[in-house]
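Quick note, the sequence shown lines up with residues -7 to 369 if you use our numbering. Ideal Cβ placement from N, Cα and C applies to all residues, glycine included. Please read all numbers here as calculations on a predicted model, not as lab measurements. Structure, as structure tokens:
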Amino acid sequence: MLRFLTSGESHGQALMAILEGIPSGLELTAEDINVELGRRQVGYGRGQRMQIEKDRAQIIAGVRQRLTIASPIGVLIENRDWENWQNKKVPVVTAPRPGHADLAGTLKYDFSDIRNVLERASARETAARVAVGAICRKLLREFNINIFSRTIRIGKAEDPSTWRLTAKEWARIENSPVRCLGRDEENKMIRMIDQARASGDTLGGLVEIAAINLPIGLGSYIQWDTKLDGRLAQALMSIQAIKAVEIGLGTKVASLPGSQVHDEISLVKGRGLAHTTNRAGGIEGGMTNGETIIMRASMKPIATLTKPLPSVDLKTGKAVKATVERSDVCAVPAAGVIAENVVAFELARAMQEKFGGDSLREMKRNYHGYIAQSSKY
Ligand SMILES: Cc1cc2nc3c(=O)[nH]c(=O)nc-3n(C[C@H](O)[C@H](O)[C@H](O)COP(=O)(O)O)c2cc1C
């Protein structure tokens, strides 16, 4: 079984992740993880923190001579900002920010300093989750499975184009400061972020995630918590500030007739049994159906505003403005990268459940056996 835990505060010494269940024999270096950590840090609209931190992973357990050895993989990411905070008098925070974990977390854990909450609730934690995702991606690539994402919307600026997941498109998205396919739309998104920054406001948006080359039958209809759509939704919803997740047509299914929602099945030359469309977004009955998985995740605007919203000081009970922390104006492009990586974990987990294997060799043998068995036509 694949499972992981993360630990670490935003300005603590380091973030940590322990990932258990990766089979032996997978080639893995810190650089594999650093690539994903670097992608998470870019994007127009991020705050100063991203210039201070250049995240680097250290693999401290589970790998010998560049190969996984089936024991839990330990990853450490130092917080470069930690040293700066050691010599600094850090003020106690008492004015909770609306839209953050501040109020509920402080009451729940009986704190007198909101910083105890925000240090862990912060999306800095996602660096550890991306490290885990990066390892999972490495495993998935052994089976030719790849995951992509792009920004569809930032505030009111939308990119309505469809993508065909070509190498050219991917290069364009990766080089875009907002991770968007269309150039005009990119400019609009950048303008929206500039306007929000100038007016002391923040913005959210929408990202789309695609996972390709999945075998049919990952996940299961057998039990509620084995359904892959539910598991992927949980993974995406657990990213800070994600407030809605869609699969395939998503919310559109509520208003369309069945004939325009379901995907016809036919025998497609070279592919065997396949669907003629992919409105379901690659999942039916809680299982992969052989088509590309398509998901979208909506992110709310960042909760720390430089023009802060009204709040109440928890120490004095007086009406005050919410605390202002150093903050991003928009983190939608980063959310796309994080989304890819949390999806990678969930898909690797489903692959591991289906094909098992203590070693990569064994897992591949099981995989190829199943592919041969299920390719009847
Ligand atoms: C990549 C990323 C970066 C974020 N950066 C900030 C930030 O700089 N300031 C902030 O207030 N919230 C930021 N957030 C959002 C908060 O972490 C999130 O809104 C908060 O933890 C409350 O959780 P909830 O929105 O899921 O309810 C960020 C989220 C993500 C995914």
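From S258 to M343, what distance separates their C-alpha atoms? Locating residue 258 in the sequence shown gives position 266, counting from the first residue. Locating residue 343 in the sequence shown gives position 351, counting from the first residue. Computed Cα separation, rounded: 25 angstroms.
When DSSP labels each residue in this structure, what does N79 get in the three-state scheme? Along the sequence shown, one-based indexing puts residue 79 at 87. Correct three-state label for N79: coil.
With C-beta atoms as the reference, is N26 less than 8 angstroms away from R56? Within the sequence shown, numbered from 1, the residue matching residue 26 stands at position 34. Within the sequence shown, numbered from 1, the residue matching residue 56 stands at position 64. No; because the gap between Cβ atoms is not below 8 angstroms, this pair is not in contact.
Of the residues A126, R183 and A202, the one placed nearest T154, counting alpha carbons only: The residue you call residue 154 lines up with position 162 of the sequence shown. Comparing Cα-Cα distances from T154 to each of A126, R183 and A202, the minimum goes to A202.
S290 versus S319: straight-line alpha-carbon distance, rounded: The residue labelled residue 290 in the question sits at position 298 within the sequence shown. The residue labelled residue 319 in the question sits at position 327 within the sequence shown. Using only the alpha carbons, I get a separation of about 19 angstroms.
By DSSP, does E177 sit in helix, in strand, or in coil? Translated into the one-based positions of the sequence shown, residue 177 becomes position 185. Helix, per DSSP.
Host beta strand (DSSP E) of E238 (start-end): Residue mapping note: residue 238 aligns to position 246 of the sequence shown, counting from 1. Element bounds for E238: I234 to I239.
Please name the residue in G4, S230, S303 and G30 whose C-alpha comes closest to that of W77. Taking the sequence shown and counting its residues from 1, the one referred to as residue 77 is at position 85. Per the Cα distances, G4.
With C-beta atoms as the reference, is F337 less than 8 angstroms away from A227? Position 345 of the sequence shown, counted from the start, is the residue given in the question as residue 337. Position 235 of the sequence shown, counted from the start, is the residue given in the question as residue 227. It is a contact, given that the beta carbons lie within the stated cut-off.
Test item: CB-CB of L198 and I127 under 8 angstroms: Within the sequence shown, numbered from 1, the residue matching residue 198 stands at position 206. Within the sequence shown, numbered from 1, the residue matching residue 127 stands at position 135. No, these two residues do not count as a Cβ contact at 8 angstroms.
S114 burial status per 10 Å Cβ neighbour count (16 or more: buried): As a first step, residue 114 is located in the sequence shown; it is residue number 122 there, counting from the start. Buried: at least 16 other Cβ atoms inside 10 Å.
Is the beta carbon of Y359 less than 8 angstroms from the beta carbon of V170? In the sequence shown, residue 359 corresponds to position 367, counting from 1. In the sequence shown, residue 170 corresponds to position 178, counting from 1. No, Cβ-Cβ distance for Y359 and V170 is not below 8 angstroms.
Using 7 angstroms as the cut-off, classify the Cβ of I214 as near or not near the heavy atoms of ligand 1, replying yes or no. By one-based count along the sequence shown, residue 214 stands at place 222. No, Cβ of I214 sits at least 7 angstroms from all heavy atoms of ligand 1.
Is it true that the CB of S141 sits closer than 8 angstroms to the CB of P323? Within the sequence shown, the letter at position 331 stands for residue 323. Within the sequence shown, the letter at position 149 stands for residue 141. The question names Pro, yet the displayed sequence has Ala at residue 323. No, the Cβ-Cβ distance between A323 and S141 is not below 8 angstroms.
Whole beta strand (DSSP E) runs in the region 298 to 331 with 3 or more residues, listed along the chain? The region 298 to 331 contains these whole beta strand (DSSP E) runs: 302 to 304 and 311 to 313.
From this set, T118, P64 and N179, which residue's C-alpha is nearest N333's C-alpha? Here residue 333 corresponds to residue number 341 of the sequence shown, with the count starting at 1. Comparing alpha carbon positions, the residue from T118, P64 and N179 closest to N333 is T118.
How would you call E19, buried or exposed, if buried means at least 16 neighbouring beta carbons within 10 angstroms? Translated into positions along the sequence shown, residue 19 becomes position 27. Of the residues assessed, E19 falls on the exposed side of the cut-off, its CB having fewer than 16 other CB atoms within 10 angstroms.
Does ligand 1 have even one heavy atom less than 7 angstroms from the beta-carbon of T21? Translated into the one-based positions of the sequence shown, residue 21 becomes position 29. Not so, every heavy atom of ligand 1 lies at least 7 angstroms from the Cβ.
For L195, collect the residues of the same chain with a Cβ closer than 8 angstroms to its Cβ; drop the 5 residues on either side in sequence, then sort them by chain order. Counted from its first residue, the sequence shown places residue 195 at position 203. Answer for L195: G37, I146, G147, M184, I185, A188, P293, I294, V321, C322 and V324, listed in chain order.
Host alpha helix (DSSP H) of L131 (start-end): Stepping through the sequence shown from its first residue, residue 131 is reached at position 139. Unbroken alpha helix (DSSP H) run through L131: T118 to R133.
According to DSSP, which residues form a beta bridge with L18? If you number the sequence shown from 1, residue 18 lands on position 26. According to DSSP, which records beta bridges pairwise, L18 is partnered with nothing at all.
Should A149 and E177 be called a contact, given that it needs their Cβ atoms to be closer than 8 angstroms? Numbered from 1 along the sequence shown, position 157 holds the residue referred to as residue 149. Numbered from 1 along the sequence shown, position 185 holds the residue referred to as residue 177. Yes, Cβ-Cβ distance for A149 and E177 is below 8 angstroms.
Who are the near neighbours of E283 in its chain, counting only those whose CB is closer than 6 angstroms to its CB and skipping five residues on each side? Within the sequence shown, numbered from 1, the residue matching residue 283 stands at position 291. Correct list, in chain order: H267, N270 and G274.
For L7, which residues from the same chain have a beta carbon less than 6 angstroms from its beta carbon, with the 5 sequence-adjacent residues on both sides left out? Looking up residue 7 in the sequence shown gives position 15. Around L7: G0, I69, A119 and A120.
Which one of L(-3), A272 and T298 has the shortest CA to CA distance from A190? Along the sequence shown, read from residue 1 onward, the residue named residue 190 stands at position 198. Among L(-3), A272 and T298, the Cα nearest to that of A190 is on T298.
Do R353 and G54 have their C-beta atoms closer together than 8 angstroms? Against the sequence shown, residue 353 aligns to sequence position 361. Against the sequence shown, residue 54 aligns to sequence position 62. It is not a contact, given that the beta carbons lie outside the stated cut-off.
Taking only the alpha-carbon atoms, compute the straight-line gap between R133 and G174 and give it to the nearest angstrom. Within the sequence shown, residue 133 is the residue found at index 141, counting from 1. Within the sequence shown, residue 174 is the residue found at index 182, counting from 1. Rounded to whole angstroms, R133 to G174 spans 28 angstroms at the Cα level.
Counting along the chain, where does the beta strand (DSSP E) carrying V260 start and finish? Residue numbering aside, residue 260 sits at position 268 when the sequence shown is read from its first letter. Its beta strand (DSSP E) spans residues I257 to V260.
As assigned by DSSP and simplified to three states, the class of G66: As a position in the sequence shown, residue 66 is number 74, starting the count at 1. Three-state DSSP puts G66 in a strand.
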